[in-house]
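The structure appears below as structure tokens.
Protein chains in written order, with our numbering: chain A, 279 to 377; chain B, 167 to 638.
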């Protein structure tokens, strides 16, 4: 049994909240509140307020001042710490490039 | 136990990296293996997708690693990706790698080919392979593959040239400077001829801006509304073995967003460019032939089958024959013949359809099929159930469920699996829809496998399965 249109819209909006993806959140916030429901609409608004803007992370911009090999090695060293790697990817919006 | 009486079939595993933003051409490319190997059991495994323990002992006859996986080689996560499914490749009869864009970060690709003991490498680059693959070139078999092929099926009907509203149309991306001056040439060529055509009174729609690009079928519709399009081989001229030049250029452009190519070259890679020419045929050659659009191409060799003035209008490298090209564009009858000739050479000949890709990749590698394999059957069943959520229920549920796993169960692995999510609307809705469609078991299995997965714990990305409803 395939999804109804109502479910499709709500699930895509849920994905936007779960990923803090700004572009998707902007799409979700333009959907009808009757379809989304109060709880989800509230979560979308809250997530949009804190969603990172890809390319405008101060941390990412600061690392560009480092020599290329330091960036290269640093990006890989961070992955020794999975929690830190996930937080950095999500906090900077870099992970949206792969969605 | 009943003996297995099924006829032996080759077991072919295609490892891919489909994601929600993958282009249709990538999906067509993957599906071609199932379509053109009808006697083989072709299965598709996403490189991120975990494999249950009972499937890990599979012994495929052939493993094909697609370019979308290999294009992750510059990702910091590449060391983790390299280890994923390596044991499966180790037990496979043969391993084939399909490379694209191998003109940069090539050392990472070359090392991977050696590490996975790849038997055959398909690459669109047929010059300077010893520069790109200094280790593999000694022991591996190389074959030339194209970056695009013609999909089987009826040729679309498009209007004749004189009924089209646009004279010259094209979309070209401004290529990043870390690929060198040669990569910039395509956009320069398109803008130069667009300016000349506009000045001569033609209707022109040429753009290098990303926001003007067409997605999906809109691109073909646009091409079929243009009388002429312009092109050349794509490629790069800068050798950047592990991508350090790329990193340096990206950093410089972040600080100097308006910097021009010459300045970037001086600061980031002085004296390194134009020592090599890594070029490949663009898939647009075929798209234009299918759309019945007359091609204005840089005069060079195209697969040994296209002749200037017979199959395309040649443009000299120094634009010295621009007036001749513009004059030819006014002769619609002659150009219509060129269109027909190009379509015969590229489409009707069947020389460049996807069956050629499959033959190039697998020809001579599939010997006698290996016998029944319980682990393989378990994998087939697992992949079918995984794809069911996507194929039968909907991509939105598939994606949202994986996002939920990423956000709730991997980011905070100590959070209990289900009941506590009632407080969170997004999580609650996803779980309710999963329950409503009978997909909870799939979800619980995915949580269980991903929660200990080293790659999943680091990368909050999701995968897409290859659609099971198409391709045979």
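Glycine residues also receive a C-beta, built at the ideal position from the N, C-alpha and C atoms.
Just so you know, these numbers come straight off a predicted model, no measurement behind them.
My guess is that residue 394/B and residue 488/B are in contact by the Cβ rule of under 8 angstroms, so how many angstroms apart are they, rounded? With 8 angstroms as the limit, residue 394/B and residue 488/B do not qualify as a contact, their Cβ atoms being about 13 angstroms apart.
Return the chain-ordered ranges of every beta strand (DSSP E) run that is complete within the region 582 to 635 of chain B and spans a minimum of 3 residues. none
Work out the CA separation of residue 276/B and residue 265/B for me, nearest whole Å. 10 angstroms
Looking at chain B, is there any beta carbon in it that lies within less than 9 angstroms of the beta carbon of residue 285/A? yes
Say whether chain B places a C-beta atom closer than 9 angstroms to the C-beta of residue 321/A. yes
Local conformation of residue 177/B per DSSP, three classes: strand
Please name the residue, chosen from 522/B, 254/B, 449/B, 290/B, that lies closest to residue 201/B on a Cα-to-Cα basis. 522/B
Near residue 293/A, which residues of its chain fall below 7 angstroms by C-beta distance, leaving aside the five closest residues on each side in sequence? 302
Residue interval of the alpha helix (DSSP H) (run including residue 425/B): Careful: residue 425/B lies outside any alpha helix (DSSP H) and carries neither H nor E.
State the DSSP-derived secondary structure class of residue 333/B, mapped to helix, strand or coil. strand
Exposed or buried, what is residue 400/B when buried is set at 16 or more other beta-carbons lying within 10 Å of its beta-carbon? buried
Chain-ordered neighbours of residue 569/B on chain A, where CB pairs are closer than 7 angstroms: 293, 296, 297
Within 9 angstroms (strictly less), CB to CB, does residue 413/B reach chain A? yes
Quick check on this structure: which residue in 223/B, 437/B, 230/B, 203/B has the alpha carbon closest to the alpha carbon of residue 211/B? 230/B
Assign residue 219/B to one of three DSSP states: helix, strand, or coil. helix
Determine, using beta carbons only, whether residue 369/B and residue 329/B come nearer to each other than 9 angstroms. no
Using the Cα positions of residue 452/B and residue 618/B, report the straight-line distance between them to the nearest angstrom. 45 angstroms
Coil, strand or helix - residue 334/A by DSSP: coil
With a CB to CB cut of under 6 angstroms and the five nearest residues on each side skipped, what residues in its chain are close to residue 544/B? 220, 221
Give a yes or no on contact between the region 553 to 569 of chain B and the region 230 to 246 of chain B, applying the rule of three or more CB pairs nearer than 8 angstroms. no
List the whole-angstrom C-beta distance separating residue 616/B from residue 289/A, where the pair is believed to meet the contact cut-off of C-beta under 8 angstroms. Their Cβ separation, rounded to whole angstroms, is 19 angstroms, which puts residue 616/B and residue 289/A out of contact at 8 angstroms.
Below 8 angstroms CB to CB, which residues in the same chain sit around residue 418/B once its five sequence neighbours on both sides are set aside? 425, 430, 433, 434
Residue-level contact to chain B via CB, residue 341/A, 9 angstroms cutoff: yes
If the cut is a Cβ gap below 8 angstroms, which residues of chain A does residue 566/B touch? 289, 290, 292, 293, 296
DSSP-derived helix/strand/coil call for residue 302/B: helix
For residue 574/B, decide whether its Cβ has a neighbour in chain A, counting only Cβ atoms nearer than 9 angstroms. yes
Residue environment, residue 302/B, which counts as buried when at least 16 other CB atoms sit within 10 Å: buried
DSSP three-state call for residue 281/A: helix, strand or coil? coil
Could you please tell me which residues of the region 233 to 263 of chain B, in chain order, have their CB closer than 8 angstroms to any CB of chain A? 242, 243, 245, 246
Could you name each continuous beta strand (DSSP E) segment of 3 residues or more that falls completely within the region 350 to 431 of chain B, going from the start of the chain to the end? 370 to 373, 392 to 397, 400 to 402
So, at 7 angstroms on beta carbons, what are the nonlocal neighbours of residue 297/B in its own chain, with the 5 sequence-adjacent residues on each side left out? 405, 442
Cα-Cα, which of 609/B, 606/B, 408/B is closest to residue 274/B? 408/B
Can you pull the chain B neighbours of residue 368/A, defined as C-beta to C-beta under 7 angstroms? 626
Under 7 angstroms Cβ to Cβ from residue 337/B, same chain only, skipping five residues before and after it: list those, please. 373, 378, 379, 380
Answer yes or no: does any C-beta atom of chain A fall closer than 9 angstroms to that of residue 182/B? no
Chain-order list of residues whose beta-carbon lies under 7 angstroms from that of residue 493/B (same chain, five-residue window excluded): none
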